[in-house]
Amino acid sequence: MEYVIGKRQVVLNFSENFCKTEAEVLNSNCFKDVWNKFVQHMIKTERQDMIKVFNLVPSTDDYITLFKLLLSFSMDEIKALNNTFAKAFEKYYLVYNLVENFYDYWRKLERYAVIFTRATIDGIESTSFTAAQSQFNNIILSTYRTISEKLFGSKFPIYRQLPAGVNAALLISKHKWMSNDSIYSFLKDSEAIEQILIRPPFISYSDKNKRTGTYPEVFENPINEFKDNFKASEYYCYSAKVGSALAYVYFHRDYLAHGITLCNLFEFVPLSDCKGVKPDLLYVFGADIKGESTFYYDKENDIYVGVAPHNSSIDYFGYMKKMLLTLYNTKMIEQGNLPLHGACVHITMKNGVHKNVVIIGDSGAGKSESLEALSEVAGDNISAQLTIFDDMGTFKMVDGKIKAYGTEIGAFVRLDDMSSGYAYNEMDRAIFMNPDKINSRLVIPVATYPQIMLGYEVDMVLYANNYDEECESEVSFFKNVEDAKATFIRGARKAKGTTQEVGLVESFFANPFGPVQREAQTRVIIDKFFDELYKAGIPVGQLHTKLAVTGMEHEGPAKAAKKLFELLEN
């Protein structure tokens, strides 16, 4: 395929056709299709100002001819050559406005490029992967400026170097890790990602902005429902490290934004490092099936398999992320480790002392907000603060000691409850999602893979309580292990709009992603680890964030962070 145009995206195949000149851009089939999509959008949304401009020429396709002429001639020269556009040039300022609107429409599309490690004569060499993105960006800018300035009547006094080419590009190849007779052999012709290039700010929009429910386990492999009709050329494979596990995520091209966002959250594994290697986790996102998302443990191949259907109900990054965490956490439980839904931070105090604090709580409990507030409250008294995990981590027993490990290298941050300047501070590396909606998010790298997998001895474990309006202290500790386990296992929080839940809700161990599906096994593991925490004299308590208390959304985490810092300092 030369290109694919979806509902809100364009995927360009630079290996098959790469526009090197302004004329090639305007002569391309893709340009014509995007123009027609723009025209249809203006008519559908009843943009009367644009519709009036369309009527200045016999056909909207004539505007493409006009754009081509404007590359080489002035308006006066075109009038002499072709009387078709005389009426349009009488109101050239309207045509100029049309070009500006079309340019804005193009830039609001999610624009992607793919480059194969093989190339055709009309395409581009894979060795030019990074240079191609800049070259294409310059060609699009140049095309726009040449046409606009002819209509404007002079050179622009101010130039804005906006990202006008593609938002992201993929260098892709093939990855056959299974045998020919494997049940998974249908995946072998999918496009495997070798490299990703992102041009920030990367902003994506999805049909949903909340996640709902958990993932039920099934006992027949769900891939049997679609493997015979699987269209491999429409899927990309992202190879990742999810904690200590190797994961292959096969996602449909309609969900490219979610697939690319994985690079900010999970450590990318180059194909050279996993060639021929069977994964621990396998996820097909956007499969041609009916029904809900499910997971399955393939005992014969020792692979945890997740499948999500191709429909608008899963068009939210949370569905991409949480299934992977469910698969990983289930694997950890089977190994006798304890999955944690929470956050862990490795703090280096000004005096050189290190502290490792774990905060456990379900979505919207105030974990991330409190840690962000801790940085602000402590100021120069903390010389370094490293996030080990910001959503999901694991307790493991190593040499008789409890150590915390991360699962993700990034954070999936809810912007609604962060300081107003947070998003701007992270703009260069962050991927933004639905920034105009409630529960807007960004995904940003916060640590390296070696850092999250180092293993950190735990100094304090807290439960994030976002709902209690009255408390004696922002940080309180449980006197005995049974009281502690009761609170952590109850997993209570007041819903904050991060999911479809409302009011005060509970989830087993505040973790619907693994422990809920393996409750009996998890209870045994909780007993083991909490008994060890108390045996080792590690403080276990509650952090009263008050994030869900009206009027305390910012003050609550700030006060909790201040009290936490006082305890750490002493």
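In terms of this note's numbering, the sequence shown opens at residue 33 and continues consecutively. Backbone N, C-alpha and C define an ideal beta-carbon position, used for all residues, glycine too. Nothing here was measured: the structure is a model prediction, and the numbers come from that model.
- Under the three-state reduction of DSSP output, valine 537 falls in the strand class.
- The residue among Pro547, Ile346 and Glu601 with its C-alpha nearest the C-alpha of histidine 373 is Pro547.
- In the three-state reduction of the DSSP assignment, cysteine 51 falls in the coil class.
- For arginine 461, the closest alpha carbon among the candidates Ala340, Glu324 and Leu297 is that of Leu297.
- Partner residues in the beta bridge of alanine 496, as assigned by DSSP, are Leu575.
- For tyrosine 270, the three-state secondary structure derived from DSSP is strand.
- As summarised for the region 296 to 338, the continuous alpha helix (DSSP H) elements at least 4 residues long and confined to that stretch are 303 to 306, given in chain order.
- Rounded to the nearest whole angstrom, the C-alpha separation of glutamate 266 and threonine 244 is 27 angstroms.
- If only complete runs of 3 or more residues are kept, the region 221 to 262 shows the beta strand (DSSP E) at 223 to 230 and 234 to 236, in order along the chain.
- Assigned with DSSP and collapsed to three states, isoleucine 215 falls in coil, not helix or strand.
- Judged by beta-carbon spacing, leucine 599 lies beyond the 7 angstroms limit of lysine 387, meaning their Cβ atoms are not closer than that value.
- Look at histidine 586 here: in three-state DSSP terms it is coil, with no helix or strand label.
- Counting along the chain, glycine 442 sits inside the beta strand (DSSP E) bounded by residues 442 to 446.
- A Cβ-Cβ contact shorter than 7 angstroms links tyrosine 237 with asparagine 466.
- It is roughly 8 angstroms from the alpha-carbon of phenylalanine 561 to the alpha-carbon of phenylalanine 427.
- For histidine 284, no alpha helix (DSSP H) run applies; the uninterrupted beta strand (DSSP E) run containing it begins and ends at 277 to 284, by DSSP.
- The way I'd put it, the region 303 to 315 does touch the region 332 to 341; three or more beta-carbon pairs between them come closer than 8 angstroms.
- For isoleucine 83, there is no enclosing beta strand (DSSP E); the enclosing alpha helix (DSSP H) has its first and last residue at 80 to 86.
- The beta carbon of alanine 405 lies closer than 7 angstroms to those of Pro589, Ala590 and Ala593 in the same chain, with the five residues before and after it left out.
- Across the structure, alanine 289 and asparagine 543 are spaced so that their CA atoms are roughly 26 angstroms apart.
- Of the other Cβ atoms in all chains shown, fewer than 16 fall within 10 Å of the Cβ of glycine 368; this residue is therefore exposed.
- Contact between tyrosine 328 and valine 250 holds, since their C-beta atoms are separated by about 5 angstroms, short of 8 angstroms.
- Within the model, the alpha-carbon separation for proline 341 versus serine 217 is close to 20 angstroms.
- Contact between the region 506 to 521 and the region 437 to 454 is absent: fewer than three C-beta pairs spanning the two stretches fall below 8 angstroms.
- Around the beta carbon of methionine 364, a 10 Å sphere encloses 16 or more other beta carbons of the protein chains shown; the residue is thus reported as buried.
- Scanning its chain for C-beta atoms nearer than 7 angstroms, with the 5 sequence neighbours on each side dropped, one finds around valine 274 the residues Phe298, Leu313, Leu356, Tyr360 and Thr439, in chain order.
- Secondary structure at serine 160: helix, using DSSP grouped into helix, strand and coil.
- Under the three-state reduction of DSSP, serine 60 is assigned to coil, being neither helix nor strand.
- For phenylalanine 283, the closest C-alpha among the options Glu54, Ala277 and Asn343 is that of Asn343.
- Around the beta carbon of tyrosine 456, fewer than 16 other beta carbons lie within 10 angstroms, which makes this residue exposed.
- By the neighbour-count definition (other C-beta atoms within 10 Å, threshold 16), alanine 524 is a buried residue.
- Under DSSP, phenylalanine 117 shares a beta bridge with no residue.
- DSSP places alanine 410 within a helical segment (H, G or I) once states are collapsed to three.
- Distance from the Cα of tryptophan 138 is smallest, within the candidate group Phe86, Phe99, Ile172 and Lys220, for Ile172.
- CA-CA distance, leucine 126 to methionine 82, rounds to 8 angstroms.
- Counting only the Cα atoms, asparagine 49 lies some 15 angstroms from leucine 203.
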